[in-house]
Amino acid sequence: TLGKYVSPNLYLYGRSDLGCKTSQEIGFEYRFSKKLLLQGLRDEEELYHLNMKLSLEFK
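Written as structure tokens, this is what we have:
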């Protein structure tokens with residue numbers, strides 16, 4: 115895995131498997147706030163995924 119923050123809230127990364135079958139994945143994470151995160155990636159089967167994560171604390 116190799117990644118880099120290109121801005122304080124945006125992280126870009128790539129993964130590659132160097133085994134018998136070459137697979138690659140690229141993605142990003144964008145943090146809107148401490149509690150809200152958007153993730154996107156393209157997997158080894160060239161499918162696209164978009165996830166939004168919301169962290170809530172219950173007391």
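Under the numbering used here, think of the first position of the sequence shown as 115, with each following residue one higher. Quick reminder that beta carbons are idealized off the backbone N, C-alpha and C, glycines included.
Does the Cβ-Cβ distance between residue i and residue j come in under 9 Å?
| i | j | result |
| --- | --- | --- |
| Gly133 | Leu155 | no |
| Leu151 | Glu143 | yes |
| Leu170 | Lys149 | yes |
So, helix, strand or coil for residue i, using DSSP?
| i | result |
| --- | --- |
| Leu126 | strand |
| Asp157 | coil |
| Glu143 | strand |
| Gly117 | strand |
Can you confirm whether residue i, when its beta carbon is compared against all beta carbons of chain D, has any partner nearer than 9 Å?
| i | result |
| --- | --- |
| Leu164 | This model lacks chain D altogether, as it is built from one protein chain only. |
Below 8 Å on the Cβ atoms is my guess for residue i versus residue j; work out the distance and round it to an integer in Å.
| i | j | result |
| --- | --- | --- |
| Arg145 | Gln138 | Not confirmed; about 24 Å, so no contact. |
So what does residue i bridge to, in DSSP terms?
| i | result |
| --- | --- |
| Lys167 | Leu151 |
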